[in-house]
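Per UniProt numbering, the sequence shown starts with residue 1, numbered consecutively. One structure is given here, and the rest of the page talks about it.
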Amino acid sequence: MFGDKFGHFLDRPLENVAKKISFHPNTLTVIGFLITVIASLVLLRSLALGGILVIAGGLFDVLDGVVARTNGKKTKFGAFLDSVLDRFSDALILLAIGWNLNDHGNFSGLILAVLTLVGSFMISYVRARAEGLGEKCTKGILERPERIVLLSIGAVSGYIVPVLWIMFVLTQLTVLQRIYHTWKMMSHG
């Protein structure tokens with residue numbers, strides 16, 4: 001919903017910072033991923049602290065793209081690497097949250113986290129499949145930036161289970177939106 005708008009909204013304020021960064025965007029992508037790995041390990045024991053680290057990893061996920069666009073270092077491989085590491089990050093975060101919930105006696109929270117992860121992966125898969133067939137497919141109310149923000153807020157605030165329910169429903173709706181959009185484009189295009 002806000003994904004591209006929100007991500008590119010941050011371009012302008014981060015451009016001056018991006019111009020001063022000498023790291024390659026792919027290096028920033030990997031650093032952000034490593035922060036997410038650490039965040040996932042922390043999430044196993046502390047949702048609040050892990051949620052803060054998820055935000056830090058998410059900032060690198062925004063910054064790598066700004067650096068690539070601002071410094072003329074945008075590449076197909078960079079986009080590919082970013083997408084692959086985003087999927088790993090999504091899995092690590094949601095599985096760690098589920099594990100934490102299960103450790104605290106909430107087995108249904110674990111199942112909910114896994115189902116939300118499936119929805120998250122399906123959002124990405126539907127887009128990739130549509131684009132593999134030649135149709136642009138970026139529609140949807142719950143793209144990755146929104147998912148990261150919601151997970152961070154839920155983890156830090158202690159309301160992770162209600163947030164997971166919201167995300168579970170919205171990931172399914174986003175998948176349906178993308179399927180419908182792709183059908184419409186392919187049927188009437």
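Each residue gets a CB set at the ideal place from its N, CA and C atoms; glycine is no exception.
Hey, which unbroken runs of the alpha helix (DSSP H) at 4 residues or more fall wholly within the segment 39–103? Annotation: the segment 39–103 contains the following complete segments of the alpha helix (DSSP H) (minimum length 4 residues), in chain order: 47–70, 76–103.
Among the candidates Leu43, Thr29, Leu115, whose CA atom is the shortest distance from the CA of Lys74? Selected option, being the one with the closest Cα: Thr29.
Assess, as a yes-or-no matter, whether the segment 96–103 is touched by the segment 142–150 under the definition of 3 or more beta carbon pairs within less than 8 Å. The segment 96–103 and the segment 142–150 do not touch, with fewer than three beta-carbon pairs separated by less than 8 Å.
Whose C-beta lies closer than 8 Å to the C-beta of Asn106 among residues of the same chain, with five residues either side of it excluded? Excluding the 5 residues flanking it on each side, Asn106 has same chain C-beta neighbours closer than 8 Å at Val161, in chain order.
Can Phe33 and Ser89 be called in contact, C-beta distance under 8 Å? Contact: yes.
Among Tyr159, Gln177, Asn26, Glu15, which has the Cα closest to the Cα of Leu85? Checked all of Tyr159, Gln177, Asn26, Glu15; the closest Cα to Leu85 is Asn26.
Using 8 Å as the cut-off, can you tell me whether the segment 181–188 makes contact with the segment 58–77, which would need three or more C-beta pairs spanning the two stretches below that distance? No: fewer than three Cβ pairs fall under 8 Å.
Buried or exposed: which applies to Ser108, given that a residue is buried once 16 or more other Cβ atoms fall within 10 Å of its Cβ? Taking all protein chains shown into account, Ser108 has fewer than 16 neighbouring C-beta atoms within 10 Å of its C-beta and is therefore exposed.
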